[in-house]
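Just below is one structure, and these are the notes that go with it.
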Amino acid sequence: MKRTAALIILAAVLALAGCGAKQNAPTGMILASGDVADYSLFVPANWTVDMSTGMTSAYVSEKDRSNVSVTRYAFSDESMTAEKYWETYSAQYEDIFGELTDVKVSDTKLGGYDAKQYEFTGKNGDSVYRFLQIICVRNGAAYVFTFTATPEKYEEHTEKVGVIISEFLFR
């Protein structure tokens, strides 16, 4: 009997905790990150959350596939920095998108932690994309926030993406 009561209480606490995470979403936004993530990514409520890619991501609409995503990469190199991460992985982007152009680098914050922001343009076949990528190294992992859009849609969404970034939280 005590075990059953304890299980019922535990289930109620977990249910309330799950509701709390959704209730804490900023006004007009929804939680896009899953329960397993150690961060909270909030996106506009009218965007579509897409967990089918194996990462946290959301896109604007079926017609406008501008999107944001967050990936977490654990590593054993304690000297890893955002700059080293970029140096290592930007070559992979160039394999996909050819030479990256219009690269701009700046200091920023992600979830209150120091980070580096990289804005660049890449081309895949005939398609051109603009990227904003924020790299934050924290607790033995690189957290990579990426906003991707066509050049025509990039500026249209920069304000919303700024809000998404400002509302990002590490748990």
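Per this note's numbering, the sequence shown starts with residue 212, numbered consecutively. Backbone N, C-alpha and C fix where the C-beta goes; we use that ideal spot for every residue, glycine too.
To the nearest angstrom, report how far apart Ser268 and Ala285 are at their CA atoms.
19 angstroms
Note down the Cα distance separating Asn335 from Val355, rounded to an integer number of angstroms.
21 angstroms
Since Asp288 sits in a beta bridge, which residues does DSSP pair it with?
For Asp288, which the question treats as bridged, DSSP gives no partner whatsoever.
Exposed or buried, which one is Thr312 when buried takes at least 16 other CB atoms within 10 Å?
exposed
To the nearest angstrom, how far is the alpha carbon of Lys364 from that of Gly373?
15 angstroms
Residues sharing a beta bridge with Ile241, DSSP
Val254
For Trp258 and Tyr250, believed in contact at Cβ under 8 angstroms, the rounded distance:
Going by Cβ atoms, the distance from Tyr250 to Trp258 rounds to 17 angstroms, so no, they are not a contact pair.
Using 8 angstroms for Cβ pairs, my map puts Glu330 next to Lys315. What's the rounded Cβ distance?
4 angstroms
Residue span of the beta strand (DSSP E) that contains Val314, given as start and end
312–321
Does DSSP put Glu330 in a helix, in a strand, or in coil?
strand
Sort out for me which residues DSSP pairs Asn335 with in a bridge.
Ser338
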